[in-house]
Amino acid sequence: MTATDFVHLHVHTQYSLLDGAIRFKDLYDKCHEFGMDTVTITDHGTMFGALEFYETAKKNKLKPIVGCEFYVAPHSRKIKGGKVAGEVLYYHLVLLAMNKKGYQNLLKLASYAQLDGYYYKPRIDKELLRAYSADLIALSACLHGEVAYQV
1 MTATDFVHLH
11 VHTQYSLLDG
21 AIRFKDLYDK
31 CHEFGMDTVT
41 ITDHGTMFGA
51 LEFYETAKKN
61 KLKPIVGCEF
71 YVAPHSRKIK
81 GGKVAGEVLY
91 YHLVLLAMNK
101 KGYQNLLKLA
111 SYAQLDGYYY
121 KPRIDKELLR
131 AYSADLIALS
141 ACLHGEVAYQ
151 V
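Be aware that the sequence shown starts at 1, since it is given in UniProt numbering, and climbs by one per residue.
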């Protein structure tokens, strides 16, 4: 396997406060250093850097994959209160856009998370995922993902 056969699909940048610090130029420089031709962004609960990322990645001759690591409420995003004993406030879920429609769905989910589901974090729920899942690829995220939590 060559370096270009591998792509990191879970990457936090300066837009993931307290979790990521890399700036786009530094990220692109590392991709070129390791011979990678594709780069991904999956910042926590935000799409704030997506447009800048996409445009600058293209200028740096890299294929951009736009995504987001969402916070998913275990029940409804509308429930704003204390957690049930032993239950988490949210799980992590990485969603990647396959195309323009997927990107639009990421934007819708991120908007709902900020405007309708905010409780400590911008949250979505499975109702929204059902409504806006077209042209998205889901990854189980990290140790805070629902799959890892259940194992």
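Beta carbons are placed, not taken as given, at the ideal position from N, Cα and C, and that holds for glycine.
* Reference E146; option with closest CA among H75, D116, A97, L136 -> Checked all of H75, D116, A97, L136; the closest Cα to E146 is H75.
* What do you get for S16, buried or exposed, if any count of 16 or more other CB atoms within 10 angstroms of its CB means buried? -> Buried is the call here.
* Do you know whose CA, among F53, L93, K63, Y149, lies nearest F6's CA? -> Sorting F53, L93, K63, Y149 by C-alpha distance to the C-alpha of F6 places K63 at the top.
* To do: Starting from A21, trace the alpha helix (DSSP H) both ways and give me its first and last residue.
  => Careful: A21 lies outside any alpha helix (DSSP H) and carries neither H nor E.
* Mind checking A134: buried by the 16 CB within 10 Å criterion, or exposed? -> With fewer than 16 other Cβ atoms within 10 Å, it is exposed.
* Secondary structure at V147, three-state DSSP: helix, strand or coil? -> Here V147 sits in helix by DSSP.
* Asked: What runs of the beta strand (DSSP E), each 3 residues or longer, lie entirely inside the segment 90–142?
  -> Runs of the beta strand (DSSP E) inside the segment 90–142: 91–97, 136–139.
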